[in-house]
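Residue numbers for the sequence shown follow this note's numbering, beginning at 0 and rising by one.
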Amino acid sequence: MTDWRGEDYDRISAPHAVMGSPALERLDLRGDERVLDAGCGSGRLTEQLLERLPRGRVVALDGSASMLAEARRRLERFGGRVTYLEADLGRPPLPIEGPVDAVMSTATFHWVLDHDSLFSGLAGVLRPGGRLSFQCGGEGNASGLIQAAREEGIETAGTFHMAGADETRARLEAHGFADIAAWLEPRVITFESHEDMVDYIVTPYLRPATGLPEEELQRIAAAMAERLGDLALSYVRLNVTACRG
């Protein structure tokens, strides 16, 4: 994933954290497990995960050095119960020593283009019987943003993989997962101001999708927000739970 500016991401990503929290809630944890947070970002949900693991440990993995730095600051109070790992989820095998008991991920997997490689890597580190729970952009996600960017001369559709529920089930089965539940859920993010909406379009969407200079990102995002009109964005989330066979 692209190396986003940590402070901005932590401020603007709150709606994603709210939408992603069910992925954590769906994990049935005793409290002593070792869990991989696959795409920990600034550690907002990792913190909640650790609070549910008073005797457990977390591997906080992200592809961005700046995100891991933010996570280290946020999670400092948990000390040695957190291992930080910079790695690409789309390039297995994942460099994790020993198996994990569960995998959680929020708002990350749509940035991995090859989901076969993604699920192969996760299967390789998850113990038999271990649980997988994730939420990410799904089929039809951010269609308004994609079209608005296209009308501004920016093509972003090829930078992410918005998978459907059926194809995800099939891929997980092919990589040894069972007891799979996968479903799409439409959601809406609302904003208090035009400026908040522009910031959001830039931070978790345009910046990682394009890598354009900051001044250009702000100009394009403002134009996109004008095209979209309402202070709201429609999303489709892919929700999945599964068990490693």
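Glycine included, every Cβ here is placed at the ideal spot set by N, Cα and C.
What do you get for residue 132, buried or exposed, if any count of 16 or more other CB atoms within 10 angstroms of its CB means buried?
Looking up residue 132 in the sequence shown gives position 133. Flag for residue 132 reads buried.
*How far does the beta strand (DSSP E) with residue 33 in it reach, from first residue to last?*
Position 34 of the sequence shown, counting from 1, holds the residue named residue 33. Residue 33 -> beta strand (DSSP E) spans 33 to 37.
* Asked: Can you tell me the Cα-Cα spacing of residue 236 and residue 214, whole angstroms?
  -> The count along the sequence shown starts at 1 and reaches residue 236 at position 237. The count along the sequence shown starts at 1 and reaches residue 214 at position 215. When the Cα atoms are used, residue 236 and residue 214 turn out to be separated by approximately 30 Å.
Item to check | Unbroken beta strand (DSSP E) run spanning residue 201, endpoints | outcome: Position 202 of the sequence shown, counting from 1, holds the residue named residue 201. Counted as a single uninterrupted DSSP element, the stretch harbouring residue 201 is not any beta strand (DSSP E), since DSSP gives it neither H nor E.
Tell me, to the nearest whole angstrom, how far the beta carbon of residue 28 is from that of residue 49; I am working on the premise that it is less than 8 Å. Here residue 28 refers to the residue found at position 29 when the sequence shown is read from its first residue. Here residue 49 refers to the residue found at position 50 when the sequence shown is read from its first residue. Under the criterion of beta carbons closer than 8 Å, residue 28 and residue 49 do not qualify as touching, at roughly 11 Å.
Note to self: Is residue 219 close to chain C? Criterion is C-beta to C-beta, closer than 9 Å.
What the structure shows: The structure shown has no chain C; it contains just one protein chain.
I need the DSSP call for residue 216, collapsed to helix, strand or coil. Here the question's residue 216 lines up with position 217 in the sequence shown. In the three-state reduction of the DSSP assignment, residue 216 falls in the helix class.
| message | By the three-class DSSP mapping on this structure, what secondary structure does residue 2 have? | response | As a position in the sequence shown, residue 2 is number 3, starting the count at 1. For residue 2, the predicted structure reports a pLDDT of 36, less than 50, and the residue's modelled location is therefore unreliable. A value from the coordinates is still provided. In the structure shown, residue 2 sits in coil (DSSP, three-state: anything other than H, G, I, E or B).
Express the C-alpha separation of residue 201 and residue 151 in angstroms, rounding to a whole number.
-> Here residue 151 refers to the residue found at position 152 of the sequence shown. Here residue 201 refers to the residue found at position 202 of the sequence shown. The C-alpha of residue 201 is placed about 14 Å away from the C-alpha of residue 151.
Once you ignore the five residues that flank residue 122 on each side, which residues in its own chain have a CB closer than 8 Å to its CB? Mapped onto the sequence shown, residue 122 falls at position 123. Hits under 8 Å: 174, 175, 176, 243.
The alpha helix (DSSP H) that contains residue 145, what's its start and end?
Within the sequence shown, numbered from 1, the residue matching residue 145 stands at position 146. It spans 142 to 150 - the alpha helix (DSSP H) in which residue 145 sits, taken as one unbroken run.
How should residue 34 be labelled, buried or exposed, when 16 other C-beta atoms within 10 angstroms of its C-beta is the threshold for buried?
Against the sequence shown, residue 34 aligns to sequence position 35. So residue 34 counts as buried.
Mind pulling the alpha helix (DSSP H) runs of 4 or more residues that sit fully within the stretch 67 to 140? Counting whole runs of 4 or more residues, the stretch 67 to 140 contains the alpha helix (DSSP H) stretches 114 to 124.
message: Just to confirm, is the Cβ distance from residue 120 to residue 92 under 9 Å?
response: Here residue 120 corresponds to residue number 121 of the sequence shown, with the count starting at 1. Here residue 92 corresponds to residue number 93 of the sequence shown, with the count starting at 1. It is a contact, given that the beta carbons lie within the stated cut-off.
| request: Identify whether residue 183 lies in helix, strand or coil by the three-state DSSP scheme. | output: Here residue 183 is taken as the residue at index 184 of the sequence shown, counted from 1. Correct three-state label for residue 183: strand.
- Take residue 165 as the anchor and find which of 42, 180, 158, 208 has the nearest alpha-carbon. Position 166 of the sequence shown holds residue 165. Residue 165 has its Cα closest to that of 180, out of 42, 180, 158, 208.
*Does the separation of the CB atoms of residue 230 and residue 191 fall below 9 Å?*
Reading the sequence shown from its first residue, position 231 is the one you call residue 230. Reading the sequence shown from its first residue, position 192 is the one you call residue 191. For residue 230 and residue 191, yes; Cβs fall inside 9 Å.
Practice problem: Specify the secondary structure class of residue 155 as computed by DSSP and reduced to three states. | Solution: Start at 1 with the first residue of the sequence shown, and residue 155 comes out as number 156. DSSP, read as helix, strand or coil, puts residue 155 in coil.
Residue closest to residue 226, alpha-carbon to alpha-carbon, out of 193, 129, 137, 234 | Reading the sequence shown from its first residue, position 227 is the one you call residue 226. Of the candidates 193, 129, 137, 234, the one whose C-alpha sits nearest the C-alpha of residue 226 is 193.
May I ask you to verify whether the stretch 108 to 116 touches the stretch 210 to 224, counting CB pairs closer than 8 Å and requiring at least 3?
No, the stretch 108 to 116 is not in contact with the stretch 210 to 224.
Checklist entry - What span of residues does the alpha helix (DSSP H) with residue 61 cover, start to end? => result Within the sequence shown, residue 61 is the residue found at index 62, counting from 1. Run containing residue 61: none in the alpha helix (DSSP H); it sits in the beta strand (DSSP E), 56 to 61.
Thinking just about the alpha-carbon of each residue, which of 85, 43, 70, 135 is nearest to the one in residue 257?
With the chain covering only 0 through 244, there is no way to say anything about residue 257.
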